[in-house]
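Residue numbers (my numbering): 1 to 254.
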C-alpha cells in the first residue's frame, strides 16, 4: 500500500528536522555567531561584541573585547560538537538563522554561558528575561566586559557614540576620554579583516546604515578612517552595510 504525505505534514517534518539538526563541528564567526555546515546562527537572546569593538579595561586601557569575545566562545566550545535548535530566520539578516545552541551533551546554552562570563548581555525581546540573573551576577563580579567600561554591542554597531557607558570602571569625570577610546577616529584593523565600513546617510535610501568598501573598490584607498572593519561581505551586510557602487562587478573580498 502506498501512502501520500500531505503538504502540511511534509512541512512539519521538514521543520522538525531543521530545528533538531545533528551536532556538528562549529566555526565561530564572532562572539555571538557561529556556523554549522552551511547554516550561520546568531545565538538567541544575547548581544555580544562585534569583532572590531573596543572596550576599556579596569586599568583604563583599551582592549579588543570583540576579539576576546570570539576567542571565549571558541574556548567554551573547545572543539566539541555543537547542536543548535533552529529558531527561524534572523529578522535582522535573512541569510542567517537564530539558534539556541549548546555543546553536545550539555544542558546550558552557549548564550547563557557567555552572559555568565560577562562577554554578552541579555538581549530583549528575544531573551524574554532568561539571562537577567546571569547578567546581574557577571556585573556584580566584574566579569568579562564588566571589569572595565564599554557601550552595549548594539549601540556600537549603530555608531551611537552618546549611548550609556556600562561597566565597573566608568568614572564620570573621564566621560569624553572614555568615549574617544571606545570610538577612535583611527580604528585599527583586526587581523585578516580588511573590509572598510563607513556610516552614511545616503545608505538609508537602500535601508542600510552604511557602506562597505573592498580592496578592489576605487574608493578603498581614499577611505583612511573607517568606522567599522569587517571580515567578510556577509558580516558587513548583516551589520546593515551595503557594498560601494564603485566596486567592479564580480568583486570578491580578499
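For glycine and all other residues, C-beta sits at the position ideal for the given N, C-alpha and C.
Straight-line measurement puts the Cα of residue 74 at about 19 Å from the Cα of residue 230.
One thing to note: residue 233 has its Cβ no nearer than 9 Å to the Cβ of residue 248. For residue 197, the closest alpha carbon among the candidates 235, 117, 173 is that of 235.
Here the region 39–49 lies against the region 118–126, with 3 or more beta-carbon pairs under 8 Å apart. Residue 72 has no beta-bridge partner at all, per DSSP. Proximity to residue 144 across 54, 120, 170, 186 peaks at 120, based on C-alpha coordinates. Proximity of the region 79–86 to the region 95–102 meets the contact definition, three or more beta-carbon pairs being nearer than 8 Å. Residue pairing by DSSP places residue 86 opposite 99 in a beta bridge. Sequence-distant partners of residue 114 (beyond 5 residues in either direction) whose C-beta falls short of 8 Å from its own C-beta, in its chain, are 31, 32, 43, 46, 48, 69, 72, 73, 76, 120. Between residue 181 and residue 61, the alpha-carbon positions lie close to 9 Å from each other. The three-state reading of DSSP puts residue 222 in coil, since its state is none of H, G, I, E or B. Separation of residue 216 and residue 137 (C-alpha to C-alpha, rounded to the nearest whole angstrom) is 47 Å.
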